[in-house]
Amino acid sequence: MDGIKEEINNILEGAIRKAIEIGELQISEVPTIPFSPTKTPEHGDLATPVALGLAKQAKLPPKQIAETIKKHVDLDEHPIIRNIEIAGPGFLNVYLSNDWLFDTLQAIYELEENYGTCNKGMGERIQIEFVSANPTGPLNIVSGRAAAVGDTLVNLFNAVGYDAIREYYVNDAGGQVEKLGESIDIRYRQALGEEKLEIPEGGYQGDYVQEFAEAIVDENGDDHLKLSQDERIAYFRDIGIEYLLGQQKVSLERFRVCFDVWSSEKAIRESGKPDEIIEMFREKKYLYEADGATWFRMTDFGDDKDCVVIRTNGEYTYFVPDAAYHRDKYDRGFHKVIDLFGPDHQGHVFRLKNFVKALGLEDDWLEVDIIQQVNLVDSDGTRLDMSKRSGQFFTLDSLIDELADAVGEQFAVDVARYFFLMRANNTHLDFNVELAITQANENPVFYIQYAHARCCSIFQQAKEQQIKLRSLDDIDLEYLTEPSEHELIRKLAEYPSIVLSSAEGREAHRIPHYLHELSGLFHPFYNQHRVLDTDNMDRTQARLILIQSVQTVLANGLRLIGISVPESM
RNA sequence: GCGCCUAUAGCUCAAUUGGAUAGAGCAACGGACUUCUAAUCCGUAGGUUGCAGGUUCGACUCCUGCUAGGCGUGCCA
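Residue numbers (the numbering used here): 314 to 882.
Here is the structure:
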C-alpha cells in the first residue's frame, strides 16, 4: 500500500506541477497529497481530497481543480492507474489496475512473518515503562490492562524498526513498603495469639498478608519475636517485597508479559543519583527551605503549588528517586521514554515532566500516557470496589482464573488480553466479567482465531487431497476475479500502515479491530466460495495464495498482540 | 475550587487522526449445515454523535460555554 501510495502521489504531483507551469493552477507550491483509503469500492482504490484543499488558494471551484489534475495524468503512460473519477464535491477517486492487488499478495508471499514490518524507527532506542505496581500486593485489573497495552506497544515499535524494551520500576523503598512490613508484623503477631492489634491507617488489609504471615509462623514459629519491633518490621518488609514481587512476576508470565529490565527504586536511592539531583537543583536555585522541609519551585513551571522534595524527617519524597530514575534512563541512552501510568497517578504526570525539564532534558523525550481505569461491572450494573487498600480488589489472576474455568487457560489469557486491548487507552473500560465468561464462545477473539484455523484447515484438506501449492511464479492471479477476493486483498494491503500508525499513535486497539475486520471479510468469502476445486485447478491455486496471505496476516497480527494462533479449534 | 479523562444504536465500543451515505459486536427477529470446521454465514430492525454556539468547501473529530459521570488534587507511591 505504501509503495503504491508513493507512486500515485508522484503521478498526481507531476500533474499538479504541470498545471501550475502552464498557468492553469495559480498556487505557490505543490501541496502534500493526502490519501484516504476508500470505504467502498465504488470510490475506487485510493481517494484524495487534494483538490478541495486547493480551492481557496487557487480561487477555483474544487471540481474544476480536480478536472485539471485529472487532465494532466496520462493514463497510457501510467498503466498502474486504470481510471480516475471525480466524485462528490471534488474527490479524485483513483482506480488501480489489478496488478497492485497482486503485488500485495506477492509481498506477503515473500515477506511472510515480516509482512507489516518496516524500518521507520531506524533502530532508535525506546524504553517503555509500564505496570510498575507497588510490590505490596497482587496485580489488579488495571495493571493487567497496562501489561497488555505496554507489551503490545513494545511489539509494535519493534515491528516498525525501533529498538524498544519493556521495563518495570519496582517501588521497593519508601512509605508504602514500610506499611507493608508493619501490616505483616500485625498479622504475624495476631497469628501467634496477640490480641487487640489493628492494621495501621493506610496499611494493607488483604487476605494475602494474613496468609503470608501465617506461613511465616508455620515455618519459624515465634522466632522473629526475638528481634526488636523495628528490626522485625524491616525484615518482614524485605521478605514481603521479595515474595509479592515474585507473585507479580508469576502473574505477568502467565499473562505472557516478559519484562526486559526490572529497575529498583531502592537501588536508585542507594546509587547516589538522588543526591546529585538535589545538588543540581540547589545550584539552579529550584529549591528553598520552609517549614523545616525542602521545596521545589514547581510554580515556576506552571503548577499551582510547590512540592516538598525533602521531608522534615530528612527523607526524600518519591519525586526525587523518580527524577533520578528518569535521569538514569536518559544516561542509559534511550532516545525516547514512554511511561504508562495508571489513572491514580495522573496528578504526577505534570510534575514528573517538569522535573525532567528541570534536569535539562528535552520536553518530548519523556511521554506519559495514562491507561484509564477499568471498572469491573456485575451484570446488574453495579461497580465493584477495587481499592487496593480496602483489601477488596479483583486481581488479574482471579480474572484469568474465572475465564479459564469457562474456556481453558490458553484462551483465558487470549480473551483477557483482547478485552484489555480493544479499547483506546484513554477510555474508561467497563469489564463485565460475567459477560466475558458467558459469551466466551461468541467472543471476537475466537472469531479471529477461528478464521486462522479455517485457513489452516483448507491447507490440511488440500494436503489430504494431494493438491500441491505451486510456486507463485506458476500461478495466474488473474483467476481472482470475485469482488470479495479483491476486498480481502485490499484489506491485506492496509495492514502495514495500520501497524505503523498504531505504533506512532500509541493506539494498540487498532490491531484487534483490524484483525476483526479482516476476519469479517474472510468468513463470508469462505462461506460463499469453495477454495479447493479439482475441476478448476488454476483458480484453486490462485485462491490458495489468497488464503495463505490471509493466514499470514492474521498470524502476524495475533502475534503482535500476544494472542495465540491456533491451527485448529 | 482547579486539573485530567469520558459522553456516538437498547448495551459495550469503532470511525484511516478534518473527508463522501457515522460502522462492528452483543441483545431482538427471520433464514442457511449431504460442502475446505455452523466458534460460521445471509437478511431485518436500530442514530438530532450529551446540549448551545463558533471555525471552513466539509466537524463525531478542532475552539468557546454549558450539563452529566469518573479520577486526581499528600511532607503516600
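The beta-carbon is built from N, C-alpha and C at its ideal position, and this holds for glycine as well. Fair warning: this is a prediction, and the values are worked out from it, not measured in the lab.
Where Q560 is concerned, the enclosing alpha helix (DSSP H) starts and stops at Q542 to R567. The beta-carbon separation of S814 and R823, rounded to 7 angstroms, stays under the 8 angstroms limit for a contact. Contact check for A461 against R819 fails: the beta carbons are separated by 8 angstroms or more.
In the three-state DSSP reduction, C620 falls in the strand class (E or B). Comparing C-alpha distances from N626 to each of G488, K597, R640 and T708 shows the shortest one belongs to G488. Between the beta-carbon of S877 and that of D727 there is about 6 angstroms, and that keeps the pair under the 8 angstroms contact cut. Between the stretch 419 to 427 and the stretch 553 to 565 there are fewer than three inter-stretch CB-CB distances shorter than 8 angstroms, so the stretches are not counted as touching.
Buried is the label assigned to T465, since at least 16 other Cβ atoms lie within 10 Å of its Cβ. Under DSSP, L689 forms a beta bridge with F744.
Judged by pairs of C-beta atoms under 8 angstroms, the stretch 665 to 679 touches the stretch 600 to 618, as three or more such pairs exist.
Under the DSSP assignment, K384 falls in the alpha helix (DSSP H) whose first and last residues are P375 to K384. Inside the stretch 394 to 480, DSSP marks whole beta strand (DSSP E) runs of 3 or more residues at positions 394 to 400, 404 to 409 and 438 to 442, from first to last along the chain. Judged by pairs of C-beta atoms under 8 angstroms, the stretch 708 to 720 does not touch the stretch 487 to 503, as fewer than three such pairs exist. Rounded to the nearest whole angstrom, the CA to CA distance from L712 to Y638 is 32 angstroms. Boundaries of the beta strand (DSSP E) around S577: V574 to S577. Taking a contact to require three or more Cβ pairs closer than 8 angstroms, the stretch 385 to 393 and the stretch 349 to 364 do not qualify as touching. By the Cβ rule, the stretch 380 to 388 counts as touching the stretch 323 to 338, because three or more pairs are nearer than 8 angstroms. The beta carbon of V622 lies closer than 6 angstroms to those of T607, F609, T630, F632 and V633 in the same chain, with the five residues before and after it left out.
Scanning its chain for C-beta atoms nearer than 7 angstroms, with the 5 sequence neighbours on each side dropped, one finds around V522 the residues S496, I497 and R500, in chain order. Looking at the DSSP output, A360 shares a beta bridge with S349 and N406.
When DSSP states are grouped into helix, strand and coil, Y643 belongs to the helix group. Taking the C-beta atoms as reference points, M882 is found no nearer than 8 angstroms to H826. Counting along the chain, T607 sits inside the beta strand (DSSP E) bounded by residues A606 to F609.
In the three-state reduction of the DSSP assignment, F654 falls in the strand class, which pools E and B. In this model, F525 and R545 are separated by some 15 angstroms (Cα to Cα). Here the C-alpha atom of L653 lies approximately 15 angstroms from the C-alpha atom of E817.
Uninterrupted beta strand (DSSP E) stretches at least 3 residues long and entirely within the stretch 769 to 805 do not occur. Beta-bridge annotation (DSSP): E680 is paired with I651. Closest by C-alpha distance to I683, out of R330, L409 and F443, is F443. A717: member of the alpha helix (DSSP H) spanning L709 to V720, first to last residue.
Under the 10 Å beta carbon count, K492 is surrounded by 16 or more other beta carbons and is classified as buried.
Rounded to the nearest whole angstrom, the CA to CA distance from N406 to D743 is 40 angstroms. In this structure, the beta-carbon distance from V863 to L805 falls below 8 angstroms. Comparing C-alpha distances from D531 to each of L505, G519 and L510 shows the shortest one belongs to L505.
CA-to-CA, the gap between L538 and E480 works out to about 38 angstroms.
Only residues of its own chain outside the window of five on either side were considered, and among them none has a CB closer than 6 angstroms to the CB of S770.
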